[in-house]
Amino acid sequence: MDRAVAMAIVDELVQSPNIRKHLLATEAIMRGLARHLHAEGAEEAWGLAGLLHDADYEATEKDLDRHTDVVAERMAKGGFAQDIIDAVRGHADKAPRTSLMAKAVYACDNAAGLISAAALVRPDKKLAGVTVDSLLKRFREKSFARGANREEILTCGAELGMLLPDFLNVCLRAMQGVSKELEL
Ligand SMILES: [Fe+2]
3 MDRAVAMAIV DELVQSPNIR KHLLATEAIM RGLARHLHAE GAEEAWGLAG
53 LLHDADYEAT EKDLDRHTDV VAERMAKGGF AQDIIDAVRG HADKAPRTSL
103 MAKAVYACDN AAGLISAAAL VRPDKKLAGV TVDSLLKRFR EKSFARGANR
153 EEILTCGAEL GMLLPDFLNV CLRAMQGVSK ELEL
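Residue numbers (my numbering): 3 to 186.
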């Protein structure tokens, strides 16, 4: 039920196929992280936070100070739990990232971008051949996917207690699991 409501919000607010794919990637990663971190029973909620975190990106593009305001309002109307709304707002510094779910959205958002970019530079443009080693190499290349903020990804250590290779591995496997939807 909640996912259908979330998808309706995505359908309403998201035009860009790339943003839609970024949201689906982040949803899959968040579900993977919930399982990995044994956030019992939270997989659904974590997935929804990932799915919705950038849903109003286009709607607020011209005024990024408003990023997450629009989607948070839709979520409140749709009856989403406050901790999911706070996790969405937290990734844009609009709410304190107190929950593990909020910390996970913040850390994995840019990992999703890094991993997509790593697939797209391959000759086959597929996630299947991407490895954690290749991601670590890309991570250290400052000129590669500059938009993927390394500092934010590195918060996986202090905030989630996960070493970078472990974190990238969970993110990569999760994205590989939805590669068809991501067209990667
Ligand atoms: Fe994002």
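We treat Cβ as the ideally placed atom computed from N, Cα and C, and that holds for glycine.
Being a predicted model, the structure only gives us computed values, none of them experimental.
* Give a yes or no on contact between the segment 10-25 and the segment 136-150, applying the rule of three or more CB pairs nearer than 8 Å. => no
* Can you tell which of 113, 186, 85, 53 has its C-alpha closest to the C-alpha of residue 7? -> 53
* Nearest-angstrom Cα separation, counted from residue 147 out to residue 21 -> If I take the Cα positions, the gap works out to 16 Å.
* Asked: Is residue 28 near ligand 1, in the sense that its beta carbon is under 8 Å from a heavy atom of that ligand?
  -> Residue 28 Cβ: within cutoff of ligand 1.
* Whole-angstrom distance between residue 4 and residue 85, CA atom to CA atom -> Those two C-alpha atoms are separated by around 14 Å.
* Asked: Touch check for the segment 109-124 and the segment 22-32: three-plus C-beta pairs under 8 Å?
  -> yes
* Does ligand 1 have a heavy atom nearer than 8 Å to the CB of residue 106? -> no
* Is residue 17 helix, strand or coil by DSSP? -> Three-state result, residue 17: coil.
* Looking at the unbroken alpha helix (DSSP H) that takes in residue 125, where does it start and where does it end? -> It is not in any alpha helix (DSSP H) - residue 125 carries neither H nor E in the DSSP assignment.
* What residues in its chain sit with their C-beta under 7 Å from that of residue 118, if we drop five residues either side in the sequence? -> 27, 186
* Starting from residue 175, follow the alpha helix (DSSP H) in both directions and report where the run begins and ends. => 166-179
* Asked: Helix, strand or coil: which one does DSSP assign to residue 114?
  -> helix
* Give every residue of the same chain whose Cβ lies closer than 8 Å to the Cβ of residue 60, excluding the five residues on either side of it in the sequence, and list them in chain order. => Within the same chain, residue 60 has close Cβ partners 15, 16, 17, 18, 21.
* To do: Pick out whichever of 103, 154, 58 has its Cα sitting closest to the Cα of residue 42.
  => For residue 42, the nearest C-alpha among the options comes from 103.
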